[in-house]
Each structure stands twice: as C-alpha cells, then as structure tokens.
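Colleague: Please find one structure pasted underneath; my questions will follow.
Protein chains: 2
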Amino acid sequence: MSIQQVLADCRSRVEQQLDQLITTDSSLEPRLQLAMRHGLLNGGKRLRPALVYLGYQLCSGQPGSTLAERAAVAIECIHSYSLVHDDLPAMDDDDLRRGQPTCHIAFDEATAILAGDALQCLAFEHLSAPIEGESPALQLRMLATLARASGERGMVAGQAFDLSHVDKPLTLEQLKAMHACKTGALITAAIELGALAAGPAGEDKLEALRRYGDLIGLAFQIQDDLLDIEGDTETLGKPQGSDLAQNKPTYPALLGLEGARQQLQQLHQEAVDILAAFGPAAEDLIGLTDYIVSRDH
Amino acid sequence: MSIQQVLADCRSRVEQQLDQLITTDSSLEPRLQLAMRHGLLNGGKRLRPALVYLGYQLCSGQPGSTLAERAAVAIECIHSYSLVHDDLPAMDDDDLRRGQPTCHIAFDEATAILAGDALQCLAFEHLSAPIEGESPALQLRMLATLARASGERGMVAGQAFDLSHVDKPLTLEQLKAMHACKTGALITAAIELGALAAGPAGEDKLEALRRYGDLIGLAFQIQDDLLDIEGDTETLGKPQGSDLAQNKPTYPALLGLEGARQQLQQLHQEAVDILAAFGPAAEDLIGLTDYIVSRDH
C-alpha cells in the first residue's frame, strides 16, 4: 500500500470517530457543539492520529485497540482546539484556515473561545473513560503524557513564546526551542501514545520513538517554512509568503534556503535510521517520514 | 472549630499547594506562568477545594490523602481558568475581579487566553500523575468526573448558553438548567471527587452527595443573585446591581425577591437534611452549607 493510501486509511479511521464524538443531541446550547464540530471536522491532515496508529502498529499492537483509537481522537481534539484559539483575533487573527472561515468567523469570538476550551476538555474526557480489559495505570500514564505535551511546558508555552517574539530576532536555539514546544511536543506525544497503547512491546521502543518524534517535529516545521517560501498559495490553503510578510522568524531566514534544506535532509536521514533498526514493521512509518519532508501543503 | 476557621484551614491548605504548583523555573516563556499564577492566586474563596476536603472527611477519608489534595488543586485550576476566560473582552469583558485587574488587563488578551488554556491542562496533568499506593482505576474515574463536569455538557455549556441569552427572557427552567451547568456541575463534581478519593466508604454515599451538590450549587447561585441586589459594592468586590444593569436573568427577577429567598431557604433545608443523615461527621459540611446561603460576598 502506498503511504498516501495508508494516510488516507488513518484519516478515515479517525474521522469516522471524530464525526460521532460530538452531537447536538439534548444539548443545552447546540451552537457550542456545532462550533466544536467546525473546529474538529475541517479537513485536517490528521498527522497526529496517523502517528498514534503507526506507532502502535510498529510496536506490534493488535488491530482493533480501543486505547489506540481513543488516543488518536484525543490528540486530534487537542490539536484542533489549539488551532481554534491560535486563529482568534487576539492571537494570529486568521479569517481562513484550509480555505474555510475560521471558528470565530463562522460563529463568533466568544463561541470560538468556548469551543476550544470544550475541545481540550473533551480530549481528556475521551481518554479517561474506562476501557474493558485495558490497564487503568497505562491509561493514566497516557493521559499524563498528553497533558504534559499540551500545557505550560509544551504546546501552550511554544505558542506564548511565538506571540511574544513577533518582530523580534531569534537565535537558532530559540527558534528550535519554540518549535520543540509549539508543534514538536504534541508530535512526539502522538508517537509515544501509540507505543504506550501497545503495552510492554511499546515500552522497549519508547526512548527511540521519542527521539524519532523530536526529529520529525523539527523536520515538519522546517518543511512548513520552506513551503511558505516555495509553495503555491492554492495548494497551501493560505497565502504563500505569509510568514515573511508577517516578519516571522523561520529556519530559511536563519540558515538560508540551502542551509534549511540541508538541515531537513539530515533530520530526515536520522529519523529514518532510527526506524530502520525496527526492521520491516517500520515500513509505513518510514513512508510517513518521507511524506513529512516532501509534502506540498 | 467555627466554619470560618474550617474554611480558612481548607483555603490555606490548598493555597500552599497552588503557590508551589506553577513556577517560572527554566520556563521558555515565564510570562505565561506569571499569568497563570495571576489567574490562580487571586484571593478566591476556594469553595470547591473545601468541598473536596469536607466531602472526603465526611466519607471517613484519612488525613493526608494525596489523592484528595490533587483533586482539590485540579478543580481550582479548572475554576480559575474559567474565570480568566469569562473575563475576556469577547466574553463578560470585566476589568476587575476581586478588586484586582483581570488577567487580560494585567497581561494581555492573548496571554490570558493561553494562561486559561494552560490552567485547564494543568488540572488534568496534576490529577493524572501517578500516586504511590492509590488505585489508578479510581484516579481515572476522578479524571473522567472532573472532565465531564467541566466540558461541553457541563461548565462550558452553561457559559455558552449564558452568553447567547444576554437580553433574552429565560424561563425558570432555562435559568435552572443554565446554572446547573455553569456553576452547579463543578460544585457537584467537587463533593463527588472528595467522596471518590475516600474509596469504598465514599462510594456508598455518592448518590446522596451528588444530590446535595446539585442543591447547594443552585443555592449558591440564588445567594449570588440576592447579593447582587442587596449586597454592598465594597464587600462584593464588584458593583452592586451589575446583573440588573446588564439585564441578566436572575432568580429574584423571575421569582421576586421574597420568592427567591424562600427558594433559597428550601434548598438549604433539603441540603442540610441530606447531610444530617450522616450524623456528627457531617458537622463541618453543614457549616459550609449554612455559610453558602448566608455569605455576604
């Protein structure tokens, strides 16, 4: 199966669940659930759920694991809430995401804040519901992993740092630290959650997969920066060159275009080397790694 | 010990932990942690942690329970994040809370949104960290309880309904349903978390305590409404009459002043009757119940 097919499978698997996750049935305020659905079901790439699934598969997890499914849904709820809040007028002030009106445009600002809040909460609710035959201790550990990656030392810290450094020069170290929090922490958590869901077989591979997650998190960001310069506005779903226009610090700005491309190449190679050590089971995850550095949107 | 002393003890117990919970040590963006501390350490009544502690005590929980302490801290993080977000310009647009500048005034709007996000996340992180000698299944159940009360079917739903009904007439049923979500769900969760933390002894009392929580949640809100009419601006820390001025639906507006007072009296009596069935162990919780309907701020 091509990696495109694998990713499409992962996407449809998680989207089927996301679509059933939030309903307006007997809701006090159905508009809240509609705004949550708007934020969640917006045609995302579903990269984080795919990392959960493929991490789980690499660790010999058996198909049909409720725990892996729960983790995939939960991490996408966190990612989606962060996008809804990032787009707010007080933050990035974006009217469009993937060609569609952002949540505060389609609804209103207060509803978007609350929908984001409720999506974050739902991530933890979904992952904390009891699962027949699974270890509560393991589930607890996965919740702690997800929370640590999402909060004041992870994703939110990165976003706060980013906002407070608009129009300020960053060193390469600062840029790396920012992205390690802003996008890296959740990407690493995704692969970690997949491995954890597989039980003891995943435990042994955890350290290597964490390192892998850190590498592809960084690679993902560099590719994002390169796309902003080299990409096509229509394919990207946002104006090409918007980072430069907003004077955002990027890898190409600090390393030069060629330097950034080389760095991306190195990260890719190191990530693939880690996976190669796991043998044929890593095939799909290697495909995903290739995709991350070669994607056009 | 008087209930004032009991509450002061609960307050200092939880505040000692809240004060140590968030530090700027090796933070990527210390301003985020400062804003979180601003939202959390703002002289609140700490009613929800007190309900956790006293619920735990009623269920014969032994002193020194890490689980009860964790629950008290977690629920106050949730409550604090909700206040930080409620105060935002797009929501209630309040500049002052308890006489102090609100988070987005003391910092800025983006930081207040992120500080609220991180406080919510921290609640789940704190309650999901492993505890030596405690049952992970129980901890998981407490996380699910907290999440359910906080999200799209609980606190956030109530806030969304409230915002979308400004200047619209509400029936008594709608007003009750709104407050049952907006403040009631978290108050009931607090007493439930205390009972759960006590283990099997709490399990037996859970249903009665849930009903008790629902009653005092409603009583708390009616007293709030009455204070807005009868209270003193300085004692309240917000302008007296501000609900009326904003045309917010209140119990006195729907039931009349006397009707609201009578309703408060009935709720109080029913709540005390539930507790009385537990004998002398309920003394402090009865004191807290009296306090809720007689407080002047």
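Protein chains in written order, with this note's numbering: chain X, 1 to 297; chain B, 1001 to 1297.
Where a beta carbon is used, it is the ideal one built from N, C-alpha and C, also for glycine.
Just so we're clear, the structure is a prediction, and the values are computed from it rather than from any experiment.
Select from B:Leu1175, B:Gly1055, B:Leu1028 the residue whose C-alpha is nearest the C-alpha of B:Ala1282.
Modeller: Answer by Cα proximity: B:Gly1055.
Colleague: Where X:Cys77 and X:Leu40 are concerned, what is the direct C-alpha to C-alpha distance, given to the nearest angstrom?
Modeller: Approximately 7 angstroms between the Cα atoms of the pair.
Colleague: Where does the unbroken alpha helix (DSSP H) through X:His79 begin, and where does it stop?
Modeller: Note, X:His79: alpha helix (DSSP H), 66-86.
Colleague: Less than 8 angstroms separating the beta-carbons of X:Leu114 and B:Ala1160?
Modeller: Yes, these two residues count as a Cβ contact at 8 angstroms.
Colleague: What does the alpha-carbon distance come out to for the pair B:Ala1147 and X:Phe124?
Modeller: Distance between the alpha carbons of B:Ala1147 and X:Phe124 is about 7 angstroms.
Colleague: Thinking C-alpha only, which one of B:Leu1096, B:Asp1092, B:His1104 is nearest X:Ala90?
Modeller: Ranking the options by Cα distance to X:Ala90, first place goes to B:His1104.
Colleague: Have a look at B:Ala1118 and B:Val1014 and give me their C-alpha separation to the nearest angstrom.
Modeller: Distance between the alpha carbons of B:Ala1118 and B:Val1014 is about 19 angstroms.
Colleague: Per DSSP, B:Pro1101 is paired with what?
Modeller: B:Pro1101 pairs with B:Leu1096.
Colleague: Could you check how far apart the C-beta atoms of B:Ala1190 and B:Arg1048 are, in whole angstroms? I think they sit under 8 angstroms.
Modeller: Confirmed, Cβ separation roughly 4 angstroms.
Colleague: Check each residue of the region 1154-1178 of chain B: if its Cβ is closer than 8 angstroms to any Cβ of chain X, include it; give the result in chain order.
Modeller: Under the 8 angstroms Cβ criterion, the region 1154-1178 of chain B contributes Val1156, Ala1157, Gly1158, Gln1159, Ala1160, Phe1161, Leu1163, Ser1164, Ala1177, Met1178.
Colleague: Roughly how far, in whole angstroms, is the beta-carbon of B:Ser1135 from the beta-carbon of X:Ala144, given that I think they are within contact range, below 8 angstroms?
Modeller: Contact flag wrong, Cβ pair sits at about 16 angstroms.
Colleague: Which residue marks the beginning of the alpha helix (DSSP H) containing B:Phe1161, and which one marks its end?
Modeller: 1155-1164 is the extent of the alpha helix (DSSP H) around B:Phe1161.
Colleague: Would you mind sorting X:His297 into buried or exposed? The rule is 16 or more other CB atoms within 10 Å of its CB.
Modeller: X:His297 is exposed by the Cβ-count criterion.
Colleague: Taking 8 angstroms as the threshold (C-beta atoms), are B:Leu1007 and B:Tyr1251 in contact?
Modeller: Cβ distance not < 8 angstroms, so B:Tyr1251 and B:Leu1007 don't count as in contact.
Colleague: Checking contacts by CB at 8 angstroms: is X:Cys181 closer than that to chain B?
Modeller: Cβ-Cβ to chain B under 8 angstroms: yes for X:Cys181.
Colleague: Give the straight-line distance between the Cα atoms of X:Phe278 and X:Gln57, rounded to the nearest whole angstrom.
Modeller: Cα to Cα, the separation comes out at about 12 angstroms.
Colleague: Are the CB atoms of B:Thr1183 and B:Arg1210 within a distance shorter than 8 angstroms?
Modeller: No, they are not a contact pair.
Colleague: Within 10 angstroms of its Cβ, does X:Thr102 collect 16 or more other Cβ (buried), or is it exposed?
Modeller: By the 10 Å Cβ count, X:Thr102 comes out buried.
Colleague: Going by Cα to Cα distance, which pick from X:Leu51, X:Cys121, X:Thr66 is closest to X:Ser82?
Modeller: Selected option, being the one with the closest Cα: X:Cys121.
Colleague: Whole angstroms are fine: how far does the CA of B:Leu1018 sit from the CA of B:Gln1223?
Modeller: In a straight line, the C-alpha of B:Gln1223 is about 27 angstroms away from that of B:Leu1018.
Colleague: Determine the direct distance from the alpha carbon of X:Asp284 to that of B:Ser1150, and round the result to whole angstroms.
Modeller: Taking the straight line from one Cα to the other gives about 38 angstroms.
Colleague: Can you tell me where the alpha helix (DSSP H) holding B:Phe1124 begins and where it ends?
Modeller: Note, B:Phe1124: alpha helix (DSSP H), 1109-1128.
Colleague: Check whether chain B comes within 8 angstroms of X:Met1, counting only Cβ atoms and requiring the distance to be less than that.
Modeller: So, not an interface residue.
Colleague: Please tell me whether X:Ile187 has its Cβ less than 8 angstroms away from any Cβ of chain B.
Modeller: For X:Ile187, the answer is no, since every Cβ of chain B falls outside 8 angstroms of its Cβ.
Colleague: Using a Cβ-Cβ distance under 8 angstroms, would X:Gln17 count as near chain B?
Modeller: No, no contact with chain B.
Colleague: Would you report the Cα separation of X:Ala276 and X:Gln269, rounded to the nearest angstrom?
Modeller: Cα to Cα, X:Ala276 sits roughly 10 angstroms from X:Gln269.
Colleague: Grab the span of the alpha helix (DSSP H) containing X:Cys10 for me, first residue to last.
Modeller: First-last of the alpha helix (DSSP H) with X:Cys10: 3-21.
Colleague: Ends of the alpha helix (DSSP H) at X:Thr188?
Modeller: Residues 185-197.
Colleague: Using a C-beta to C-beta distance shorter than 8 angstroms, which residues of chain B count as neighbours of X:Cys121?
Modeller: Under the 8 angstroms cutoff, chain B gives Gln1120, Ala1147, Ser1150, Gly1151, Glu1152, Val1156.
Colleague: Less than 8 angstroms between CB atoms is the rule here; does X:Pro136 satisfy it with respect to chain B?
Modeller: Taking Cβ atoms only, chain B reaches closer than 8 angstroms to X:Pro136, which makes this a yes.
Colleague: Counting pairs of Cβ atoms below 8 angstroms between the region 247-267 of chain X and the region 155-175 of chain X, do you hit three or more?
Modeller: With the cut-off at 8 angstroms, the region 247-267 of chain X and the region 155-175 of chain X touch.
Colleague: Do the CB positions of X:Arg46 and X:Arg11 come within less than 8 angstroms of each other?
Modeller: Result yes, Cβ atoms of X:Arg46 and X:Arg11 sit closer than 8 angstroms.
Colleague: Is there at least one Cβ from chain B nearer than 8 angstroms to X:Ser65's Cβ?
Modeller: It does not; no Cβ of chain B falls within 8 angstroms.
Colleague: Where does the unbroken alpha helix (DSSP H) through B:Pro1136 begin, and where does it stop?
Modeller: Counting along the chain, the alpha helix (DSSP H) containing B:Pro1136 begins and ends at 1136-1150.
Colleague: Please classify B:Glu1029 as buried or exposed, where buried requires at least 16 neighbouring CB atoms within 10 angstroms.
Modeller: Per the 10 Å Cβ criterion, buried.
Colleague: Relative to the alpha-carbon of B:Met1155, which residue among X:Gln20, X:Ala260, X:Ser27, X:Leu21 has its alpha-carbon at the smallest distance?
Modeller: Here the closest residue by C-alpha is X:Ser27.
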